[in-house]
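Asker: There's a structure below that I have some questions on.
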Amino acid sequence: MSQVFEQSIQINATAAIVERCFTDLTLMHRWLNPALRCEPLGDGSWSTDIGSQSLFIMQIPLLKPTLRSIVIEREPGLVVWEFQGFFQGCDRWECQPSPQGTLLVNRFEFDIPHPLVNWGFNNFAASWTKTDMQAQLRRLKAVAESLVISH
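Residues 69 to 219, numbered by the numbering used here, are exactly what the sequence shown covers, in order.
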């Protein structure tokens with residue numbers, strides 16, 4: 069049974085600036101949880117073009133759980149990563165222009181096929197994950213709005 073965590077935040081910046089924050093690897097590492105690293109797979113260069121692959125690595129000592137992802141949908145203001153690993157599902161990032169700037173919507177839809185991992189996630193990590201997603205959006209908002217000020 070799939071689970072869905074959806075969060076959104078209003079950002080006082082254009083959709084193009086907000087999009088840069090979740091497609092530019094350097095900017096991503098400014099707002100991602102410090103325990104999460106993204107690395108390109110393949111030729112070594114980061115891309116959000118359809119078919120581009122990457123690893124999302126959790127910096128947990130000894131374990132370093134890793135999700136392999138591939139971009140399955142890409143339009144201006146939209147990236148959808150599909151991932152496989154201990155989670156299976158999609159992470160969707162979408163900019164919706166608004167009179168105040170941009171509404172950024174992040175939808176994380178997933179299954180955890182392993183029963184023990186599923187139990188552990190639901191009992192120990194689900195609420196932390198939701199809280200962390202909200203914190204990431206607030207950090208992304210700060211990065212995007214700082215780019216507006218610096219231009």
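The beta-carbon is built from N, C-alpha and C at its ideal position, and this holds for glycine as well.
#1: Would you call the CB atoms of Val216 and Ile77 closer than 8 Å?
#2: Closer than 7 Å to a non-hydrogen atom of the ligand GTP - does that hold for the CB of Thr82?
#3: Apart from the five residues on each side of it in sequence, which residues of its chain come closer than 8 Å, Cβ to Cβ, to Leu93?
#4: Hey, could you find the ends of the alpha helix (DSSP H) Gly169 is sitting in?
#5: Excluding five sequence neighbours on each side, which residues of the same chain lie with their C-beta closer than 8 Å to the C-beta of Leu208?
#6: Apply the 10 Å Cβ neighbour rule to Leu131 and answer buried if 16 or more other Cβ atoms are within range, or exposed otherwise.
#7: Do you know how far the Cα of Gly110 is from the Cα of Pro183?
#8: So Ser120 and Val148 are supposed to be a Cβ contact under 8 Å. How far apart are they, rounded?
#9: Ignore the nearest five residues each way along the sequence and tell me which others in Val185's own chain have a CB closer than 7 Å to its CB.
#10: Using 10 angstroms around the beta-carbon of Phe192, count the other beta-carbons present and answer buried if the total reaches 16, otherwise exposed.
#11: Which class does Trp161 belong to by DSSP, given the choice of helix, strand or coil?
#12: Whose C-alpha, out of Cys158, Met126, Thr197, is nearest the C-alpha of Glu141?
#13: So the candidates are Pro144, Leu146, Phe124, Gly145; which of them puts its Cα closest to the Cα of Arg136?
#14: My assumption, with CB atoms under 8 Å, is that Asp179 sits in contact with Gln156. Please give the rounded CB distance.
Answerer: Taking the definition as stated:
#1: no
#2: Among the components modelled here there is no ligand, and therefore nothing to report on the ligand GTP.
#3: Cys106, Pro108, Trp114
#4: No alpha helix (DSSP H) contains Gly169, which is instead part of the beta strand (DSSP E) from 169-179.
#5: Ile77, Ile79, Val86, Cys89, Phe90, Trp99, Leu172
#6: exposed
#7: 31 Å
#8: That pair is no contact at about 12 Å.
#9: Phe154
#10: exposed
#11: strand
#12: Cys158
#13: Selection Pro144, Leu146, Phe124, Gly145 evaluated against Arg136 yields Phe124 as nearest (Cα-Cα).
#14: 5 Å
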